[in-house]
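Enquirer: Before I ask anything, let me first share the structure, which is written out below as structure tokens.
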Amino acid sequence: MADKVRLRIAPSPTGDPHVGTAYMALFNRAFAHHRGGKFVLRIEDTDQTRYNPSSVQEILDSLRWLGLLPDEGPGLGGDYGPYVQTERRDLYLKSAHELVERGHAYRCFCTRERLEALRQEQAARREPPRYDRHCRDLSGEEIASNLAESKPYTIRLKVPDEGHTTFRDLIRGDITFENKELQDPILLKSDGLPVYHLAVVVDDHYMEISHVVRAEEWISSTPLHVMLYRFFGWDVPLFAHMPLLRNSDRSKISKRKNNTSLKWYREQGYLPEAMINFLALMGWSMPDGSEIFGYADVEREFTFERVTTSGPVFDLVKLTSINGKYIRALSDDELFERLLPYLPEEMDKERARKVAPVLKDRLTRLGEFVELTGFFFGPVPQYPADLLVPKKGTPSDAARALEQVKGLLESLKQPWTHEDWESGMRVIADNLGLKAGDLFMILRVAVTGSKVSPPLYESMEILGRDEVLSRVDHALELARKAS
RNA sequence: GGCGCGUUCGUCUAGAGGCCCAGGACAUCUCCCUUUCAAGGAGAAGAUCAGGGGUUCGAAUCCCCUACGCGCUACCA
2 MADKVRLRIA PSPTGDPHVG TAYMALFNRA FAHHRGGKFV LRIEDTDQTR YNPSSVQEIL
62 DSLRWLGLLP DEGPGLGGDY GPYVQTERRD LYLKSAHELV ERGHAYRCFC TRERLEALRQ
122 EQAARREPPR YDRHCRDLSG EEIASNLAES KPYTIRLKVP DEGHTTFRDL IRGDITFENK
182 ELQDPILLKS DGLPVYHLAV VVDDHYMEIS HVVRAEEWIS STPLHVMLYR FFGWDVPLFA
242 HMPLLRNSDR SKISKRKNNT SLKWYREQGY LPEAMINFLA LMGWSMPDGS EIFGYADVER
302 EFTFERVTTS GPVFDLVKLT SINGKYIRAL SDDELFERLL PYLPEEMDKE RARKVAPVLK
362 DRLTRLGEFV ELTGFFFGPV PQYPADLLVP KKGTPSDAAR ALEQVKGLLE SLKQPWTHED
422 WESGMRVIAD NLGLKAGDLF MILRVAVTGS KVSPPLYESM EILGRDEVLS RVDHALELAR
482 KAS
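Take any residue in the first sequence, count from 1 to its spot, add 1: that is its number in the working numbering.
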């Protein structure tokens, strides 16, 4: 066994970059780098029907965003390329035929129609669907004549019908399958492209992958892979099957029941470091029990012994909570910088810079900033007059209060801070028989258009005297009309 | 159906025979702080460790059975 440590992720470019890809990238990369090895990206695009051309770039973009870029891969260089499977087809073709020559595989001329009919018969008889090995023992003449007629064929593995295959999983221990349970799977499709099982083994061998770390869903096909390694006469890598991320109903995580696109998380304003932290908590834990930690910690501490065997539910609520913690840990300047990509072009950036710190404790995603701060950047949103009315009061109470507040604010010159007007406000409240809180609430609604807002003092200071006064005027008018 | 992998608070998990009548985090609830909402602080509630058998002086931890969940069972990956 080569002493080099090389790990890989092998996503299919079939759609949006998947959260599961990030999950696997995290642990593969952390382990590889922990051991001073390499982390490789390989694109498994042998299914042309599901191929999506923009996908490779998006996978790369997402990995870069998360800080999980591979050392080798398409567009990244490396000595084991090409890193895209369709560019390696000759290798699979050659390998498959090599297996045929050695008697471990055979050409299958069965048509899809025959296979389909077979499946239906089996279903009708309530038998498990499996290939009947129709072409396994074709005579030399039959094969030759089929070939002469250029009948399309696939190549199938000749699975021994005796014995069993065992492999060691670094997370789960030894796993054994009876060979007779395996069908003769197709290795090479009739279009000459390999099926996953062939491609993954050939590539992992030639790319000198030392540890195959992938999702649990691959356990069932691992004996097949092990068989291939042996038939080829290659060293078998080490395997580790990570638990499968789940929907809340415990089924395998899916687009229908979860946001699986990394693009979505980025657009929503989840911080990459929060994403990593959350993903690392799925099926793994720090030896010291800490729950807020970064990629460097994972890289330093990762071991397969600490990986859980049961599939964790992907809980957006917890992710969001972690995200909030990371946002709060940002300095004001950092927060503003991070916010920039989420702000509309026409937004006043200097004002946004002042607003950001005020929002820090209230933001759970960067993408929330705009909706939470609209009143800072445009007119107050429409609100009904009775929003201004104190709990046990009337519209005319509100109007009276606003008149006095207006007078107070007008008497102040710029620049102004809340120290300038706060005591005056309390006097007004006293005079009107209002609680200070009630009066502040009237002002809050006048200034922000809502009973729920960022802190009043800071908001007013950012808005400035003139803007606040005009909003108070507007509120006063509203209250008077309603009186 | 067959095969495989799993099963500790609602969720993520700690736990590798006695430290556990099970600890932490998120969520929930209460209180404090407070001009709202948050944030922060302090508490509460929440798991007969899936169930049943063993092994052992002693089991969440080891073994067996059952149940349940999930995965695979494609010329998808």
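Quick reminder that beta carbons are idealized off the backbone N, C-alpha and C, glycines included.
Nothing here was measured: the structure is a model prediction, and the numbers come from that model.
Counting beta carbon pairs with one atom in the segment 156-169 and one in the segment 105-116, are three or more of them shorter than 8 Å?
Expert: Segments in contact, yes.
Enquirer: If we count the other Cβ atoms within 10 Å of its Cβ and call it buried at 16 or more, is residue 58 buried or exposed?
Expert: Flag for residue 58 reads exposed.
Enquirer: Going by DSSP, what residues sit across from residue 433 in a beta bridge?
Expert: None, per the DSSP bridge assignment.
Enquirer: Per DSSP, what are the beta-bridge partners of residue 262 in this structure?
Expert: In the DSSP output, where bridge partners are listed per residue, residue 262 has 19.
Enquirer: From what residue to what residue does the alpha helix (DSSP H) around residue 310 run?
Expert: Counting along the chain, residue 310 falls outside any alpha helix (DSSP H), and DSSP gives it neither H nor E.
Enquirer: DSSP on residue 198, reduced to helix/strand/coil?
Expert: Looking at residue 198 - three-state DSSP - the assignment turns out to be helix.
Enquirer: At 4 residues or longer, what runs of the alpha helix (DSSP H) sit wholly inside the segment 365-389?
Expert: Counting whole runs of 4 or more residues, the segment 365-389 contains the alpha helix (DSSP H) stretches 370-373 and 375-378.
Enquirer: Can you give me the C-alpha to C-alpha distance between residue 11 and residue 52, rounded to a whole angstrom?
Expert: Residue 11 and residue 52: Cα-Cα distance of roughly 14 Å.
Enquirer: With a threshold of 7 Å on Cβ separation, who are the neighbours of residue 365 within its own chain once the five nearest residues in sequence on each side are excluded?
Expert: Excluding residues within five positions, the ones whose Cβ falls inside 7 Å are 321, 324 and 325.
Enquirer: On the three-state DSSP scale, how would you describe residue 237?
Expert: Note: residue 237 maps to coil in three-state DSSP.
Enquirer: Helix, strand or coil for residue 418, going by three-state DSSP, please let me know.
Expert: Residue 418: coil per DSSP, three-state reduction.
Enquirer: What residues are listed by DSSP as bridge partners for residue 107?
Expert: According to DSSP, residue 107 bridges with 157.
Enquirer: Taking contact to mean 3 or more Cβ pairs, one atom from each stretch, closer than 8 Å, check whether the segment 242-255 and the segment 169-177 are in contact.
Expert: Output reads yes: the segment 169-177 touches the segment 242-255.
Enquirer: Any idea if residue 489 is buried or exposed, counting beta-carbon neighbours within 10 angstroms, 16 or more meaning buried?
Expert: This structure cannot speak to residue 489, because the chain is shown only from 2 to 484.
Enquirer: Is residue 51 helix, strand or coil when you go by DSSP?
Expert: Here residue 51 sits in helix by DSSP.
Enquirer: Short of 6 Å in beta carbon distance, which residues of its chain neighbour residue 472, apart from the five on each side in sequence? Order them along the chain.
Expert: 381, 447 and 448.
Enquirer: Please state the DSSP three-state secondary structure of residue 2.
Expert: For residue 2, the predicted model reports a pLDDT of 44, less than 50, meaning its position is unreliable; a value from the coordinates is still stated below. Residue 2 falls in the coil class under three-state DSSP.
Enquirer: Per the DSSP calculation, residue 74 is bridged to which residue(s)?
Expert: Partner(s): 78.
Enquirer: Taking residue 378 and residue 426 to be in contact with their CB atoms under 8 Å, please state how far apart those CB atoms are, rounded to whole angstroms.
Expert: Not confirmed; about 25 Å, so no contact.
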